[in-house]
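Student:
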Amino acid sequence: MVFRYAFRRILRTPWASLATAGLAAALSILLILLITTREKQEAALENAYDAMEIRCVITSADGVRTDGLRIPQLKEALILVDGYGIAEYIRDLDMKVTFLLSLEPDPGETPPRLIGITSRRAATELAPEYGYEAEFLEGYGWASLESGEPLLIVSQRLLEKYGLTLGDAWPLGLESALYFPEFFALSKTEREFRVIGVLHGMQTETAYCPFEYLRLESVAEEETNYAESASFILGDNRRLDEFREAAPNFLKAPDATAGSNPFGPFALVIHDQLFRETISSLMRDIRLCSALMPVVCVLCVAVGLCSGLIGVRARRQELVLLRCVGTPRRVAFALMLLEQAGLGACGALLGALGMVVAGAPASCFAAAVIAAACFAVGAAAAAGRFVSQRVAAIMQEKE
Numbered sequence: 084m085v086f087r088y089a090f091r092r093i094l095r096t097p098w099a100s101l102a103t104a105g106l107a108a109a110l111s112i113l114l115i116l117l118i119t120t121r122e123k124q125e126a127a128l129e130n131a132y133d134a135m136e137i138r139c140v141i142t143s144a145d146g147v148r149t150d151g152l153r154i155p156q157l158k159e160a161l162i163l164v165d166g167y168g169i170a171e172y173i174r175d176l177d178m179k180v181t182f183l184l185s186l187e188p189d190p191g192e193t194p195p196r197l198i199g200i201t202s203r204r205a206a207t208e209l210a211p212e213y214g215y216e217a218e219f220l221e222g223y224g225w226a227s228l229e230s231g232e233p234l235l236i237v238s239q240r241l242l243e244k245y246g247l248t249l250g251d252a253w254p255l256g257l258e259s260a261l262y263f264p265e266f267f268a269l270s271k272t273e274r275e276f277r278v279i280g281v282l283h284g285m286q287t288e289t290a291y292c293p294f295e296y297l298r299l300e301s302v303a304e305e306e307t308n309y310a311e312s313a314s315f316i317l318g319d320n321r322r323l324d325e326f327r328e329a330a331p332n333f334l335k336a337p338d339a340t341a342g343s344n345p346f347g348p349f350a351l352v353i354h355d356q357l358f359r360e361t362i363s364s365l366m367r368d369i370r371l372c373s374a375l376m377p378v379v380c381v382l383c384v385a386v387g388l389c390s391g392l393i394g395v396r397a398r399r400q401e402l403v404l405l406r407c408v409g410t411p412r413r414v415a416f417a418l419m420l421l422e423q424a425g426l427g428a429c430g431a432l433l434g435a436l437g438m439v440v441a442g443a444p445a446s447c448f449a450a451a452v453i454a455a456a457c458f459a460v461g462a463a464a465a466a467g468r469f470v471s472q473r474v475a476a477i478m479q480e481k482e
């Protein structure tokens, strides 16, 4: 009986019913948009934490990358201080050092350079966007530069100038570290390198070998090993703030008045501006969506309440008559609630269905249920107000 009555009432007032259902559908769609937007931003936030790289550059105290970094001291600062250092934050420590090649015959005023690198990332000129095409001897590749073997990747110009081919053994003498001849010089004894790769398109006279090989050679000759530059990727972006607090204990802030000092102290430059801007923007959007969702729910309650009050006022005589013939309060309450809540639920579900058709995930039906429930709360408040009044009071209010 209650359901039939509510259904007939909806059919008798089609335009009012459509308006109520339309409002419920609009609010349901708005809530779905907020929820799906927040989910997308949360997914983008997780992706930014996992995928974005924060590169940290270790410099000399005056902030100049090429002033020299003493590797034993650097490793101590990163790893051995207090047994932990900041090694737990570090991924892919990249270092680079440059030597001048001693060749026969003498190449003239500008001898070729030999650059020791820990990986391709350690030398910015080897980034893929520069367009050099690398060709390797079978069984070798960029990963070979992470070893401690005397391997060599040469520029196209060196290959052509000295008539080299892949697989050749090329004896080379090392003059000194390019920037620190007074501090770091290996003996000029020729070392036999194996040519494993060529960089087609590179016209500078440059060769690359494993940094680890040069480090081992310097240890064998009891020389202090330096890095021309050193950088690393932060291992866990979620620990950026924690890392920032820990780093000053091991790497001092740049001091422009310190002058060139290859023995330290070290400074740290963290390239995290893009990461911070991205995270800040995503978190701002997430907070905005989270703040607006309760507002939309309150709007659903308010629309349900207003719709219920309007429906009661429009059929006051009919509802008073029901009360006068002895209809229980709970039945009258159910009649009014079912009519308005049914309209709200239909509108919310239709809105969710439209969003699914438009490509939203099926989970948006949960948002429609929330919107319908909020609408029903407002309708229940309107129905409760009516049944709580005495008939005489209702009649007086009408007059």
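Here the sequence shown stands for residues 84 to 482, where the numbers follow this note's numbering. All residues carry an ideal CB built from backbone N, CA and C; glycine is no exception. On a predicted model such as this, the values are computed, not experimentally measured, just so you know.
So, are the CB atoms of L299 and G199 less than 8 Å apart?
Tutor: Position 216 of the sequence shown, counted from the start, is the residue given in the question as residue 299. Position 116 of the sequence shown, counted from the start, is the residue given in the question as residue 199. It is not a contact, given that the beta carbons lie outside the stated cut-off.
Student: What is the DSSP secondary structure of S259, reduced to helix, strand or coil?
Tutor: For the purposes of this step, residue 259 is taken as residue 176 along the sequence shown, with counting starting at 1. S259: strand per DSSP, three-state reduction.
Student: Classify G246 as buried or exposed, calling it buried when 16 or more other Cβ atoms lie within 10 Å of its own Cβ.
Tutor: Your numbering for residue 246 matches position 163 in the sequence shown. By the 10 Å Cβ count, G246 comes out exposed.
Student: Y296 by DSSP, collapsed to three states: which one?
Tutor: Locating residue 296 in the sequence shown gives position 213, where the first residue counts as 1. Three-state DSSP puts Y296 in a helix.
Student: Going by DSSP in three states, S111 sits in which element: helix, strand or coil?
Tutor: Start at 1 with the first residue of the sequence shown, and residue 111 comes out as number 28. Note: S111 maps to helix in three-state DSSP.
Student: For L392, which residues from the same chain have a beta carbon less than 8 Å from its beta carbon, with the 5 sequence-adjacent residues on both sides left out?
Tutor: As a working mapping, residue 392 is identified with position 309 in the sequence shown. Same-chain partners within the cutoff: A465 and R468.
Student: Tell me which same chain residues have a C-beta within less than 6 Å of the C-beta of Y215, skipping the five on either side of it?
Tutor: Looking up residue 215 in the sequence shown gives position 132. L282, G284 and M285, listed in sequence order.
Student: How many whole angstroms separate the CB atoms of Y296 and A206, which I take to be in contact at a CB cut-off of 8 Å?
Tutor: The count along the sequence shown starts at 1 and reaches residue 296 at position 213. The count along the sequence shown starts at 1 and reaches residue 206 at position 123. In fact, because the Cβ distance is near 15 Å, the residues do not count as touching under 8 Å.
Student: Using only the alpha-carbon positions, how far apart do S446 and R367 sit?
Tutor: Residue 446 sits at position 363 when you count from the first residue of the sequence shown. Residue 367 sits at position 284 when you count from the first residue of the sequence shown. Approximately 24 Å, taken between the alpha carbons.
Student: Please list the terminal residues of the continuous beta strand (DSSP E) segment that includes A329.
Tutor: Numbered from its first residue, the sequence shown carries residue 329 at position 246. Not the beta strand (DSSP E): A329 falls in the alpha helix (DSSP H), residues L323 to A329.
Student: Going straight from the alpha carbon of R274 to that of P293, what length do you get?
Tutor: Reading the sequence shown from its first residue, position 191 is the one you call residue 274. Reading the sequence shown from its first residue, position 210 is the one you call residue 293. Rounded to whole angstroms, R274 to P293 spans 13 Å at the Cα level.
Student: Nearest to A332 by CA position, among L235, F182, A170 and C457, is which residue?
Tutor: Position 249 of the sequence shown, counted from the start, is the residue given in the question as residue 332. Note that residue 332 is Asn in the sequence shown here, rather than Ala. Of the candidates L235, F182, A170 and C457, the one whose C-alpha sits nearest the C-alpha of N332 is A170.
Student: DSSP on K271, reduced to helix/strand/coil?
Tutor: In the sequence shown, residue 271 corresponds to position 188, counting from 1. It is coil, neither helix nor strand.
Student: State the DSSP-derived secondary structure class of D177, mapped to helix, strand or coil.
Tutor: In the sequence shown, counting from the first residue as 1, residue 177 sits at position 94. If DSSP states are grouped into helix, strand and coil, D177 belongs with the strands.
Student: Would you grab the beta carbon distance between L209 and L257 for me? Rounded to a whole angstrom, and I think it's under 8 Å.
Tutor: Residue numbering aside, residue 209 sits at position 126 when the sequence shown is read from its first letter. Residue numbering aside, residue 257 sits at position 174 when the sequence shown is read from its first letter. Between L257 and L209 the Cβ distance is about 21 Å, and since that is not below 8 Å, they are no contact.
Student: Please name the residue in T193, E122, G430 and E360 whose C-alpha comes closest to that of E288.
Tutor: Taking the first residue of the sequence shown as position 1, residue 288 is located at position 205. Comparing Cα-Cα distances from E288 to each of T193, E122, G430 and E360, the minimum goes to T193.
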